[in-house]
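Enquirer: Numbering (my numbering), first residue to last: -12 to 166.
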Amino acid sequence: VRLVGSVEAANPVTDPLFGIESTAIVLERRVQYWQWYEKIKTKRKRKKKKWKLKRKFSYRQVWSSSLINSKRFKEGAGHQNPTTRPPFASQTFKATQLRLGDFFVPLSTGSQFYESHARSLDESILPPNLRSQARRDGSWLCVTALESGYTPGDLRLSFVERRLPRLTVIGRQRGNSIE
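1. Using the DSSP secondary-structure output, state which residues sit across from Val156 in a beta bridge.
2. Is there at least one non-hydrogen atom of the ligand ZN closer than 7 Å to the beta-carbon of Gly88?
3. Go to Leu117, then tell me how far its alpha helix (DSSP H) extends in each direction, as first and last residue.
4. Applying the criterion that 16 or more other CB atoms from any shown protein chain within 10 Å of the CB defines a buried residue, is Val156 buried or exposed?
5. Leaving out the 5 sequence neighbours to the left and right, which residues in its chain are closer than 8 Å to Trp38 when beta-carbon positions are compared?
6. What are the residues that DSSP puts in a beta bridge with Tyr24?
7. In this structure, does DSSP put Gln67 in helix, strand or coil?
8. Lys81 lies in the beta strand (DSSP E); which residues open and close that run?
9. Looking only at its own chain, which residues have a Cβ that is under 6 Å from the Cβ of Val13, when we skip the five neighbours before and after it?
10. What are the start and end residues of the beta strand (DSSP E) that includes Asp141?
11. Can you give the Cα-Cα distance for Leu169 and Glu(-5), rounded to whole angstroms?
12. Using three-state DSSP, classify Glu166 as helix, strand or coil.
13. Under three-state DSSP, which class holds Ser98?
So this is what it looks like as structure tokens:
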């Protein structure tokens, strides 16, 4: 059997925390935190037949999907990051069955051809206590008390859907499945 069409999740892929549903094959919740990052640059110098290491420390603020422990920074003063986890984290939700038209197809179908698309969001998906602090920044929904800029501990959230382009699937039909 030869089928041509769009492969989608047989049942909606759902993020239960935010109630977002999608027919995409993969729905990815991305959460990042605005934090301090320490960069260490090391130079080796040779002096009188001995090697000496010289380290230079620099700091900048970055978005990161994991908490950065600032207690280990060489220069901790003025570079503190939050130590408590935010109320939600990054997570990936995957379809358990795929469909092409009326037929089920293997989960591995076309996985190397995924196309990623950012899903648009609005503040209504956030818990009520965070909605008033939310603002858009591209495809991200940012939670911050500041009108512009960010402060360590602020977070941002986005959803990415991974879909397959129109595909041709060739296989053996068994009932309503293609193998």
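From the three backbone atoms N, C-alpha and C, an ideal C-beta is built for every residue, glycine too.
Expert: Looking at the coordinates:
1. Val156 pairs with Leu(-10).
2. For the ligand ZN, the structure offers nothing, since it holds no ligand at all.
3. Taken as a continuous stretch (DSSP letters only), the alpha helix (DSSP H) holding Leu117 covers 115 to 118.
4. It is buried - the Cβ of Val156 has at least 16 other Cβ atoms within 10 Å.
5. The answer, listed in chain order, is Arg31, Lys32.
6. According to DSSP, residue pairing for Tyr24 in a beta bridge involves Arg47.
7. For Gln67, the secondary structure class from DSSP, reduced to helix, strand or coil, is coil.
8. Per DSSP, the unbroken beta strand (DSSP E) holding Lys81 starts and ends at 78 to 81.
9. For Val13, same chain residues with a beta-carbon under 6 Å away, outside a window of 5 residues either side, are Lys81, Arg149 in chain order.
10. Where Asp141 is concerned, there is no enclosing beta strand (DSSP E), given that its DSSP letter is neither H nor E.
11. Nothing about residue 169 can be reported from this structure: the residues present for the chain run from -12 to 166 only.
12. Taken through DSSP and simplified to helix, strand or coil, Glu166 comes out as coil.
13. Three-state DSSP puts Ser98 in a helix.
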